[in-house]
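Participant: First, the structure itself, so that you have it in front of you.
Right under this line is the structure:
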């Protein structure tokens, strides 16, 4: 039973039953080879859906960079997801959220789920937790805003502030410390 649960959690919540990459993607020494991304077009999606047994298709993009709270920063691994199709293809996505937050919603812009240990190291709270906090005199106030910095495939610098709407604890230390 435990093995079945572990497999279902990984397949239906994190990885999917099948991943499609360009040739060389997994062999690339770059931790996030954006130049090898697949085209995410309606034609490609329909082609994949036409394969017998495929129930749903979703796109993801993995990237890396620096994340900061205005006082300190660290490296992170980002996973961009397509919220229009994520939950159909990955029905357990977000099931590892900790109390006090919520799953990402289609209407979210500039919102993120953050590993619980990463959030703790930055004194970051979810928007819902922030609303319930009472100010403490002399203490640094927790924030629900973090800034992510990454580079485009062409090397252009990008930076964006994101609201922390949820924290997750996957049981995997690297994910909890580094994934956004």
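Numbering (my numbering), first residue to last: -12 to 167. Ideal Cβ positions, reconstructed from N, Cα and C, are used throughout, including at glycine.
1) Does the Cβ of residue 153 have 16 or more other Cβ atoms within 10 Å, making it buried, or fewer, making it exposed?
2) State buried or exposed for residue 162, treating a residue as buried only when at least 16 other CB atoms are found within 10 Å of its CB.
3) Quick one: give me the first and last residue of the alpha helix (DSSP H) that residue 36 is part of.
4) Residue 14: buried (16+ other C-beta within 10 angstroms of its C-beta) or exposed?
5) Using the three-state DSSP reduction, which class does residue 23 fall into: helix, strand or coil?
6) The beta strand (DSSP E) with residue 66 in it runs from where to where?
7) Which ranges does the beta strand (DSSP E) cover as unbroken runs of at least 3 residues, wholly within the segment 115 to 151, from first to last along the chain?
8) Grouping DSSP H, G and I as helix and E and B as strand, with all else coil, what is residue 5?
9) On a Cα-Cα basis, can you pick out the residue from 160, 128, 102 that is closest to residue 66?
10) Report back the beta-carbon spacing between residue 45 and residue 76 to the nearest angstrom; my notes put them in contact at under 8 Å.
11) Considering just the uninterrupted stretch of the alpha helix (DSSP H) at residue -8, what are its terminal residues?
12) Quick one: measure Cβ to Cβ for residue -1 and residue 78, integer angstroms, because I've assumed they're closer than 8 Å.
13) For residue 154, which of helix, strand or coil comes out of DSSP?
14) Return the bridge partner residues of residue 111 from the DSSP annotation.
15) For residue 166, I'd like the list of residues in its chain whose CB is within less than 6 Å of its CB, leaving aside the five on either flank, ordered along the chain.
16) Look at the alpha carbon of residue 24 and the alpha carbon of residue 150, and state the distance between them as a whole number of angstroms.
17) Residue 117 and residue 129 look like a contact to me (Cβ under 8 Å); what is the Cβ gap, rounded to whole Å?
Facilitator: Straight from the coordinates:
1) Buried, since its Cβ has 16 or more Cβ neighbours within 10 Å.
2) buried
3) 29 to 36
4) exposed
5) helix
6) Where residue 66 is concerned, the enclosing beta strand (DSSP E) stretches over 60 to 68.
7) For the segment 115 to 151, the continuous beta strand (DSSP E) assignments of 3+ residues that do not extend past its boundaries occur at 132 to 138, in sequence order.
8) coil
9) 102
10) Confirmed, about 4 Å.
11) That run of the alpha helix (DSSP H) goes -11 to -3.
12) Separation of the CB atoms of residue -1 and residue 78 is rounded to 5 Å, and the pair is thereby assigned contact status at 8 Å.
13) Strand.
14) 130
15) 64, 102
16) The alpha-carbon atoms of residue 24 and residue 150 are separated by roughly 26 Å.
17) Right, the Cβ-Cβ distance comes to about 7 Å (below 8 Å), so this counts as a contact.
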